[in-house]
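Take the sequence shown: its letters are residues 62 to 307, numbered as in our numbering.
Glycine included, C-beta positions come from ideal geometry on N, C-alpha and C.
Values in this document were obtained by computation on a predicted structure and should not be read as measured data.
To start, the structure itself, in structure tokens.
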Amino acid sequence: MWENTLFRFFLVWYACGVILLSFNILPPWLEWANTVFLITAGTLGVIYFCKCYGNKHGLFISMVVFVVSMTSEYLGTTYGWIFGKYIYNADFGIKLFDVPITIGFAWLLVMSSSHAFLQTFQLPTVLSVIYGGLIAVVMDLIIDPVAYVVKSYWVWQESGPYYDIPTQNFFGWFFVAAALHIFLLFYQKPKQNHTWAKRIILVYVLIISMFLLLALLAKLYLAVFVTLIGSALILFHYYKKRSVSV
């Protein structure tokens, strides 16, 4: 099936990206590779939602996630709302209202992977919403320092105590993810698709691992430490729940 082929393509593309970025040998003419990477990761998130909710509802959910996240990013880049004021410094491909559409695909990966974790945890509604927001924030704790400090993919026009990133950004990530999880929890009960749940969680782990490596090479030790602690706790909870359910 084409979904399996796309997943394998992502793994190959990921491996190439880790090598090129780790050794800082990504040539300027290959910058479009970042766009392919993000779109592929987000598309895997769409597939996950379709496997859980059926094609019609899965595509609708994906559209909601895409529109809400793109709108949130627009409010940030234009007015400084939600995440704080920032501008994109790298070419991430086609833009809508000055926001690269690849960012919407990145949010599809964030929401699908955190949703897969929550499906395993089976927590009460309020705890699920909070946990879903925290899973997203753990990812941003490593992505933002690397993307801003090391790669200069975007530039913050305000500062904060954590690598000069405004604290508002992390609250913004939490609330956008939490709001989308509220929508998902009340939209429709999903079916569990263990194959794609494991795949999308693997993508989450792989992306965090890549950014951890880049942060370690750049000596961003605080980012490495807090992300390792946060992701280790999430994964410990995940494997503990899986072992009980088997």
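Nearest-angstrom Cα distance between residue 93 and residue 153? Position 32 of the sequence shown, counting from 1, holds the residue named residue 93. Position 92 of the sequence shown, counting from 1, holds the residue named residue 153. Using only the alpha carbons, I get a separation of about 7 angstroms.
Coil, strand or helix - residue 206 by DSSP: Start at 1 with the first residue of the sequence shown, and residue 206 comes out as number 145. In this structure, residue 206 counts as helix in the three-state DSSP scheme.
Whose C-beta lies closer than 8 angstroms to the C-beta of residue 148 among residues of the same chain, with five residues either side of it excluded? What you label residue 148 is simply residue 87 of the sequence shown in a count that begins at 1. Contacts found: 138, 215, 216 and 218.
Taking all protein chains shown into account, decide if residue 175 is buried (16 or more other Cβ within 10 angstroms of its Cβ) or exposed. Within the sequence shown, residue 175 is the residue found at index 114, counting from 1. With 16 or more Cβ atoms within 10 Å of its Cβ, residue 175 is classed as buried.
Roughly how many angstroms separate the alpha carbons of residue 160 and residue 134, rounded to a whole number? Along the sequence shown, read from residue 1 onward, the residue named residue 160 stands at position 99. Along the sequence shown, read from residue 1 onward, the residue named residue 134 stands at position 73. C-alpha separation (whole angstroms): 7 angstroms.
Confirm, please, whether the CB-CB distance from residue 268 to residue 200 is below 9 angstroms. Along the sequence shown, read from residue 1 onward, the residue named residue 200 stands at position 139. Along the sequence shown, read from residue 1 onward, the residue named residue 268 stands at position 207. A contact, by the Cβ cut-off of 9 angstroms.
Whole-number beta carbon distance between residue 126 and residue 241, since they are thought to touch under 8 angstroms: The residue labelled residue 241 in the question sits at position 180 within the sequence shown. The residue labelled residue 126 in the question sits at position 65 within the sequence shown. Contact flag correct, Cβ pair sits at about 6 angstroms.
So, is residue 66 buried or exposed, given that buried needs 16 or more other C-beta atoms within 10 angstroms? The residue labelled residue 66 in the question sits at position 5 within the sequence shown. Exposed, because fewer than 16 other Cβ atoms sit within 10 Å of the Cβ of residue 66.
How would you call residue 248, buried or exposed, if buried means at least 16 neighbouring beta carbons within 10 angstroms? For the purposes of this step, residue 248 is taken as the residue at position 187 of the sequence shown. Exposed.
Just curious, the beta strand (DSSP E) that residue 143 is in, first and last residue? Within the sequence shown, residue 143 is the residue found at index 82, counting from 1. Residue 143 -> no beta strand (DSSP E), and no H or E assigned at all.
Exposure of residue 140, with buried meaning 16 or more beta-carbon neighbours within 10 Å: Locating residue 140 in the sequence shown gives position 79, counting from the first residue. Counting Cβ neighbours within 10 Å, residue 140 comes out exposed, since fewer than 16 surround it.
Closer than 6 angstroms by C-beta to residue 158: which residues in its own chain qualify, once you throw out the five before and the five after it? Chain order, please. In the sequence shown, the residue the question calls residue 158 occupies position 97. Cβ within range, chain order: 135.
Please work out which residues of its chain come closer than 7 angstroms, Cβ to Cβ, to residue 276, disregarding the five sequence neighbours upstream and downstream, and give them in chain order. Reading the sequence shown from its first residue, position 215 is the one you call residue 276. For residue 276, where only same-chain residues beyond five positions count, the Cβ hits under 7 angstroms are 203, 206, 207, 284 and 285.
Tell me whether the beta-carbon of residue 198 lies closer than 9 angstroms to the beta-carbon of residue 291. Position 137 of the sequence shown holds residue 198. Position 230 of the sequence shown holds residue 291. Cβ atoms of residue 198 and residue 291: closer than 9 angstroms.
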